[in-house]
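Quick mapping for you: the protein sequence lines, in order, are chains P and B. The first sequence begins at 1 in UniProt numbering and counts up one residue at a time. The second sequence begins at 1 in UniProt numbering and counts up one residue at a time.
There are 2 protein chains.
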Amino acid sequence: MIHITFSVFQNHNITGKIVIFVEKWEGYGTTVRYRAASRNEALRGAAGVLLKSVTPFSISSPHTGSGGRGAVIPSACLTIEEAEMLQRMYKRGKKLEIRMQIKSREVGKCTSRNTIFDIKGSTYPDEIVLLSGHMDSWDVGQGAMDDGGGMAVAWNALNIIKEMAKKDPRFAPKRYVSAPVLKTKCLRTLRVVFWTAEEQGMLGSQAYFKETEKDSLKKFFFVSESDQGAFKPKNDKSAFHFMGTRAQMKVLDEIVQIINDHNIPLSLVQSNDQGDVQFWSDKGVPSVNYVSDQGKDYYFYFHHTNGDYMTVFKDGDLDYVTAIFAALAHVLGNIDHW
Amino acid sequence: MIHITFSVFQNHNITGKIVIFVEKWEGYGTTVRYRAASRNEALRGAAGVLLKSVTPFSISSPHTGSGGRGAVIPSACLTIEEAEMLQRMYKRGKKLEIRMQIKSREVGKCTSRNTIFDIKGSTYPDEIVLLSGHMDSWDVGQGAMDDGGGMAVAWNALNIIKEMAKKDPRFAPKRYVSAPVLKTKCLRTLRVVFWTAEEQGMLGSQAYFKETEKDSLKKFFFVSESDQGAFKPKNDKSAFHFMGTRAQMKVLDEIVQIINDHNIPLSLVQSNDQGDVQFWSDKGVPSVNYVSDQGKDYYFYFHHTNGDYMTVFKDGDLDYVTAIFAALAHVLGNIDHW
Numbered sequence: 001m002i003h004i005t006f007s008v009f010q011n012h013n014i015t016g017k018i019v020i021f022v023e024k025w026e027g028y029g030t031t032v033r034y035r036a037a038s039r040n041e042a043l044r045g046a047a048g049v050l051l052k053s054v055t056p057f058s059i060s061s062p063h064t065g066s067g068g069r070g071a072v073i074p075s076a077c078l079t080i081e082e083a084e085m086l087q088r089m090y091k092r093g094k095k096l097e098i099r100m101q102i103k104s105r106e107v108g109k110c111t112s113r114n115t116i117f118d119i120k121g122s123t124y125p126d127e128i129v130l131l132s133g134h135m136d137s138w139d140v141g142q143g144a145m146d147d148g149g150g151m152a153v154a155w156n157a158l159n160i161i162k163e164m165a166k167k168d169p170r171f172a173p174k175r176y177v178s179a180p181v182l183k184t185k186c187l188r189t190l191r192v193v194f195w196t197a198e199e200q201g202m203l204g205s206q207a208y209f210k211e212t213e214k215d216s217l218k219k220f221f222f223v224s225e226s227d228q229g230a231f232k233p234k235n236d237k238s239a240f241h242f243m244g245t246r247a248q249m250k251v252l253d254e255i256v257q258i259i260n261d262h263n264i265p266l267s268l269v270q271s272n273d274q275g276d277v278q279f280w281s282d283k284g285v286p287s288v289n290y291v292s293d294q295g296k297d298y299y300f301y302f303h304h305t306n307g308d309y310m311t312v313f314k315d316g317d318l319d320y321v322t323a324i325f326a327a328l329a330h331v332l333g334n335i336d337h338w
Numbered sequence: 001m002i003h004i005t006f007s008v009f010q011n012h013n014i015t016g017k018i019v020i021f022v023e024k025w026e027g028y029g030t031t032v033r034y035r036a037a038s039r040n041e042a043l044r045g046a047a048g049v050l051l052k053s054v055t056p057f058s059i060s061s062p063h064t065g066s067g068g069r070g071a072v073i074p075s076a077c078l079t080i081e082e083a084e085m086l087q088r089m090y091k092r093g094k095k096l097e098i099r100m101q102i103k104s105r106e107v108g109k110c111t112s113r114n115t116i117f118d119i120k121g122s123t124y125p126d127e128i129v130l131l132s133g134h135m136d137s138w139d140v141g142q143g144a145m146d147d148g149g150g151m152a153v154a155w156n157a158l159n160i161i162k163e164m165a166k167k168d169p170r171f172a173p174k175r176y177v178s179a180p181v182l183k184t185k186c187l188r189t190l191r192v193v194f195w196t197a198e199e200q201g202m203l204g205s206q207a208y209f210k211e212t213e214k215d216s217l218k219k220f221f222f223v224s225e226s227d228q229g230a231f232k233p234k235n236d237k238s239a240f241h242f243m244g245t246r247a248q249m250k251v252l253d254e255i256v257q258i259i260n261d262h263n264i265p266l267s268l269v270q271s272n273d274q275g276d277v278q279f280w281s282d283k284g285v286p287s288v289n290y291v292s293d294q295g296k297d298y299y300f301y302f303h304h305t306n307g308d309y310m311t312v313f314k315d316g317d318l319d320y321v322t323a324i325f326a327a328l329a330h331v332l333g334n335i336d337h338w
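What follows is the structure in C-alpha cells.
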C-alpha cells in the first residue's frame, strides 16, 4: 500500500499491511511531518512503515531521523530511489511483498551534560549573550554538519574575540560603547553552550532552560543558535532568523549592516523557529537562528546521513560563520541597552 | 601512504603498503586515470590500493569502475568522505592501519549479443544512419542513466519517426528530400544498436565493427551515440560532440538549427571522444556523441553508483533527447548527400 497524501491515507484499510509513504519534498518543515505520521497513523493496525527519506536529493542516500518513538511496529526510511521504484511498481499494478528485518532497541536513559564556556563580562557579568550549537548527532556520519559546525563557530567566535582584543585595543566598537572596555572582555558575559540530546527533542536545552527559567528575561540579554549548517552565506537569502521586539530588530539590523559592510551577504528576517533557544525566545528573550542560503535545501542533502562528514564544509565556511557570530556577540556584549 | 599526484608517488617506497589515492576532481576524463594507476603503479610492490571515488560530489557515495583488471592485489574505491578523512588523519601524523576485506572473482567469459533494430530504407537500404546506446551496466544501481537512457532514446527515436509518418504525410522534410518518401520510411535505413559489454571496454561495438569493417565507410552514412546521460539540454553548453569533415559539420549544423528553432538549446562542437562508435569515426564515418550540460559534472554524481536509478531522469529528459535523435535520424535518413 503506497500513500502520497494523508487525505488519501484516511480511506484505506491498512490492517496487517506495510504502509509506504512516498511523499513529495516540500521543504523540511512540511515534509518531515510524514515521519511523525509513521507513528501516529500507522499504529492504526499497520504491520510496519516505510518512508521515503526526507530529502530533496539522493544518491541512493538513506536518511534517518526521529518519528518512530512510541511505535510498537517497525519503521524505517527508504532512499528516494527505492521508494519511487516501489511507487512505479505499485502504479503498474504489481503486487508488492516486502519483508522488513530491522534490529533496534531502546537502550534506556542516561545522564548527558551541556558544555558551557564563558568570557565573564567586565561591567554586567550577570547579563548573558549566548551562542549555541548542539553536540549530539545521529549514529550515521560524523555529525560534522549537524551540528559539529554549530559548536565550532560558537566556540571559535569567543576565541576570536579574546584573541583580537589582546592584539588590537581598538577592537572594541567605540560607537556602541559608553563604558570603558577591558582589553580582553566585553561589558556583558559571553557564553557558549553545546547542548546535548537535541536529536531526542532538545532535552539538553530544555533542562538548562528549566534551571534558569525563573529569571531568564533578566539574566539572558540575547540567545542564538546555529543548527542548519555553518555554511558561509553566498547571497542575501542567507539570514538571521529573528524573534523579538521591533526595537531589538533595529539593533540587530545595524549589526547585520556592519557585517554587510565587510562584504558578507546576510539578511534579517522574522521567524518563529529558533531551535534550541526557542524556550527563551518564547519568554521574550531576543534571539537569532542562523540559516544560510544552503541551510534550506542543500543542508538536507546530508542531514542525518552517512554524508554528514567534515567534507561538507568547504574553504571558508566555518571562518565566515565564525566571523558573523563574533561580530554579533561582540557588539551585543558591549552596547548600552537594546 | 596517501598520494595526491603521480609525480609525488614516484618517489615513495610502497612495498607492502596500501596505497590510497586522494586525487582532485578535474573532470572525468582526467581524473579517471587514477583508476588505471591503481593497476599500473600499485603493482610495484603495493599490498593493496584504495582510490577516492571518481566523482565531483558525494553523499557518502562509493563509485565503482574498471581499473583493477589484471591486478593481482586488491583494489577498491572509497567515498570522498572516507578518503578525505584518511587524508586529514595522515596530515595530522596519525598512523593509519587499514584491513582490506574484499571478495571478488573473475567468472570467466561468456557470449553476449548486440541488439539491432532497423527501419529499412526505401531508396538506399544499404546506407545506414545509426543511433546507439549500451545495454550493459555495472552491478550497482539499475543502470538507468548508464546507459538505459541512451537505449531508450535511440529506440524511441525510431518509434516516433514511424508513428509520426503514419499520422502526418508532411512529416518528411521536403526541403531536404528529392526522391519520393514512403509514408513510414526514410530513404536510408535507420538502425538502432544496443551494444553489449561497453563497461568491459566496448567489446560489443568492437566486435560489430570488426564484422562490418571492410565496407564500413560505404555502408555507414552516419553513426551516433548517447552514453553520458539522456538529460534534456538546458542551455547551449549541451552539444553534439562531432567528428567528421567540415562539409558534414555544416549539414549537422543545419540540423542543430532546426532543433534550436523548436526552442531546444543545442550546440555542435568538435570532439575526439565518440564512445562506442569511435571505431567508425576513426575510419572516417561522420558521427556525433550527445553530451548535455548535465553530462559533464552532474552525470558523474550517479555514474557507477547505487544512485543510477530511473529517478535521475526528470520530466521531459527522455522525451527531449528522443526528439533530438529523431530529428537527427530523420533528416540524415532523407538528405541527398553530405
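Cβ atoms here follow ideal geometry from the backbone N, Cα and C, with glycine treated the same way.
* First through last residue of the beta strand (DSSP E) which encompasses residue 348 (chain B) -> An answer regarding residue 348 (chain B) cannot be provided, because it is not within the stretch 1 to 338 covered by chain B.
* Going by DSSP, name the residue or residues bridged to S205 (chain B). => Taking the second sequence and counting its residues from 1, one reaches residue 205 (chain B) at position 205. None, per the DSSP bridge assignment.
* Would you say Y309 (chain P) reaches chain B, if we count a Cβ-Cβ gap shorter than 8 Å as a contact? -> Taking the first sequence and counting its residues from 1, the one referred to as residue 309 (chain P) is at position 309. Y309 (chain P) counts as touching chain B.
* For Y301 (chain P), return the contacting residues in chain B, with the cut-off set at a CB-CB distance below 8 Å. => Walking along the first sequence from the start, residue 301 (chain P) turns up at place 301. Chain B residues near Y301 (chain P): I59.
* Hey, S38 (chain P) and G70 (chain P) are a contact pair by Cβ (cut 8 Å); roughly how many whole angstroms apart? -> Locating residue 38 (chain P) in the first sequence gives position 38, where the first residue counts as 1. Locating residue 70 (chain P) in the first sequence gives position 70, where the first residue counts as 1. Actually they are not in contact, since the Cβ atoms of S38 (chain P) and G70 (chain P) sit about 11 Å apart, beyond 8 Å.
* Chain-ordered neighbours of E81 (chain P) on chain B, where CB pairs are closer than 7 Å -> One-based indexing of the first sequence puts residue 81 (chain P) at position 81. By Cβ distance, chain B contributes G307, Y309 and T311.
* Could you tell me if C110 (chain B) is buried or exposed, where buried requires 16 or more neighbouring beta carbons within 10 angstroms of its beta carbon? => Stepping through the second sequence from its first residue, residue 110 (chain B) is reached at position 110. C110 (chain B) is exposed by the Cβ-count criterion.
* Using a C-beta cutoff of 8 Å, does E23 (chain P) count as contacting chain B? -> Here residue 23 (chain P) corresponds to residue number 23 of the first sequence, with the count starting at 1. So no, E23 (chain P) is outside the interface.
* Does the distance from the C-beta atom of L266 (chain B) to that of V288 (chain B) stay below 8 Å? -> Your numbering for residue 266 (chain B) matches position 266 in the second sequence. Your numbering for residue 288 (chain B) matches position 288 in the second sequence. No, Cβ-Cβ distance for L266 (chain B) and V288 (chain B) is not below 8 Å.
* Spell out whether any CB of chain B is found under 8 Å from the CB atom of A323 (chain P). => Residue 323 (chain P) sits at position 323 when you count from the first residue of the first sequence. Chain B contact via Cβ: absent.
* To do: Anything in chain P within Cβ reach of M85 (chain B), meaning under 9 Å, just list it in chain order.
  => The residue given as residue 85 (chain B) occupies position 85 in the second sequence. By Cβ distance, chain P contributes Q142, Y309, M310 and T311.
* Bridge partner(s) assigned by DSSP for I255 (chain P) -> Counted from its first residue, the first sequence places residue 255 (chain P) at position 255. Beta-bridge pairing links I255 (chain P) to no other residue.
* Nearest-angstrom Cα separation, counted from W195 (chain P) out to A144 (chain B) -> As a working note, residue 144 (chain B) is residue 144 in the second sequence. As a working note, residue 195 (chain P) is residue 195 in the first sequence. Straight-line Cα distance between these residues: approximately 44 Å.
* CB-CB under 7 Å to F279 (chain B), same chain, minus the five flanking residues each way: which ones, in chain order? -> Counted from its first residue, the second sequence places residue 279 (chain B) at position 279. Counting only Cβ-Cβ distances below 7 Å, and skipping sequence neighbours, we find S205, Q206 and F209.
* Based on Cα-Cα distance, which residue from B:T30, B:F21, B:R113 and B:W25 lies nearest to A46 (chain B)? -> Indexing the second sequence from 1 puts residue 46 (chain B) at position 46. Cα-wise, what sits closest to A46 (chain B) is B:F21.
* To do: Please go through the region 75 to 156 of chain P and give each complete beta strand (DSSP E) segment of 3 or more residues, from N-terminal end onward.
  => 75 to 78, 115 to 119 and 124 to 134
* To do: Please report the Cβ distance between Y299 (chain P) and Q228 (chain P), rounded to the nearest whole angstrom; I am assuming they are in contact, meaning their Cβ atoms lie under 8 Å.
  => Locating residue 299 (chain P) in the first sequence gives position 299, counting from the first residue. Locating residue 228 (chain P) in the first sequence gives position 228, counting from the first residue. At roughly 6 Å, the Cβ-Cβ gap stays under 8 Å, so Y299 (chain P) and Q228 (chain P) are in contact.
* Would you list the one or two residues that DSSP bridges to A42 (chain P)? => Position 42 of the first sequence, counted from the start, is the residue given in the question as residue 42 (chain P). Note: A42 (chain P) sits in no beta bridge, so no partner.
* Asked: Looking at the unbroken alpha helix (DSSP H) that takes in H330 (chain P), where does it start and where does it end?
  -> If you number the first sequence from 1, residue 330 (chain P) lands on position 330. Taken as a continuous stretch (DSSP letters only), the alpha helix (DSSP H) holding H330 (chain P) covers D317 to L332.
* Between I102 (chain B) and chain A, is there a C-beta pair that is closer than 8 Å? -> Looking for chain A here will not work: the only protein chains present are P and B.
* **Three-state secondary structure assigned by DSSP to G29 (chain P)** => Locating residue 29 (chain P) in the first sequence gives position 29, where the first residue counts as 1. Residue state, collapsed to three classes: helix.
* Compare the Cα-Cα distances from Q270 (chain P) to each of P:P286, P:D139, P:D261 and P:M310 and report the closest residue. => Walking along the first sequence from the start, residue 270 (chain P) turns up at place 270. If we check each option's Cα against that of Q270 (chain P), P:P286 comes out closest.
* Is E225 (chain P) helix, strand or coil by DSSP? -> Residue numbering aside, residue 225 (chain P) sits at position 225 when the first sequence is read from its first letter. Of the three classes helix, strand and coil, the one that applies to E225 (chain P) here is strand, per DSSP.
* Evaluate contact between the region 310 to 323 of chain B and the region 149 to 165 of chain B, counting only Cβ atoms and requiring at least three cross-stretch pairs below 8 Å. => yes
* Would you say the region 49 to 61 of chain B touches the region 71 to 88 of chain B, given that touching needs at least three Cβ pairs under 8 Å? -> yes
* Determine the direct distance from the alpha carbon of Q274 (chain B) to that of S137 (chain B), and round the result to whole angstroms. => Taking the second sequence and counting its residues from 1, one reaches residue 137 (chain B) at position 137. Taking the second sequence and counting its residues from 1, one reaches residue 274 (chain B) at position 274. Looking at the two C-alpha atoms, the distance is approximately 18 Å.
* To do: Determine the direct distance from the alpha carbon of E81 (chain B) to that of K95 (chain B), and round the result to whole angstroms.
  => Residue mapping note: residue 95 (chain B) aligns to position 95 of the second sequence, counting from 1. Residue mapping note: residue 81 (chain B) aligns to position 81 of the second sequence, counting from 1. Looking at the two C-alpha atoms, the distance is approximately 19 Å.
* Can we say the region 120 to 138 of chain P touches the region 184 to 192 of chain P, given the rule of at least three CB pairs closer than 8 Å? -> yes
* Asked: If you count every other CB in all the chains shown that lies within 10 Å of the CB of L182 (chain B), and 16 or more means buried, which is it?
  -> Locating residue 182 (chain B) in the second sequence gives position 182, counting from the first residue. Unreliable positioning characterises L182 (chain B) in this predicted model, as indicated by a pLDDT of 43, which lies under 50. The coordinate reading is nonetheless provided below. Exposed is the call here.
* To do: Measure the alpha-carbon distance for M277 (chain P) versus L131 (chain P) and round it to whole angstroms.
  => Position 277 of the first sequence, counted from the first residue, corresponds to residue 277 (chain P). Position 131 of the first sequence, counted from the first residue, corresponds to residue 131 (chain P). Strictly speaking, residue 277 (chain P) in this sequence is Val, with Met absent from that position. Computed Cα separation, rounded: 9 Å.
* Would you tell me roughly how many angstroms separate the C-alpha atoms of E198 (chain B) and H134 (chain B), rounded to the nearest one? => Here residue 198 (chain B) is taken as the residue at index 198 of the second sequence, counted from 1. Here residue 134 (chain B) is taken as the residue at index 134 of the second sequence, counted from 1. Spanning the two alpha carbons is a distance of roughly 6 Å.
* Tell me which same chain residues have a C-beta within less than 8 Å of the C-beta of K174 (chain P), skipping the five on either side of it? -> Numbered from 1 along the first sequence, position 174 holds the residue referred to as residue 174 (chain P). In this predicted model, K174 (chain P) has a pLDDT of only 49, less than 50, meaning its place in the structure is not dependable; the value taken from the coordinates is given anyway. So the list is empty, once near-sequence residues are dropped.
* To do: Identify the continuous alpha helix (DSSP H) that holds W280 (chain P) and give its terminal residues.
  => Along the first sequence, read from residue 1 onward, the residue named residue 280 (chain P) stands at position 280. Where W280 (chain P) is concerned, the enclosing alpha helix (DSSP H) stretches over Q278 to S281.
* Asked: Going by beta carbon distance, what residues of the same chain come within less than 6 Å of G284 (chain B), once the five residues before and after it are set aside?
  -> Stepping through the second sequence from its first residue, residue 284 (chain B) is reached at position 284. Here the set comprises L217.
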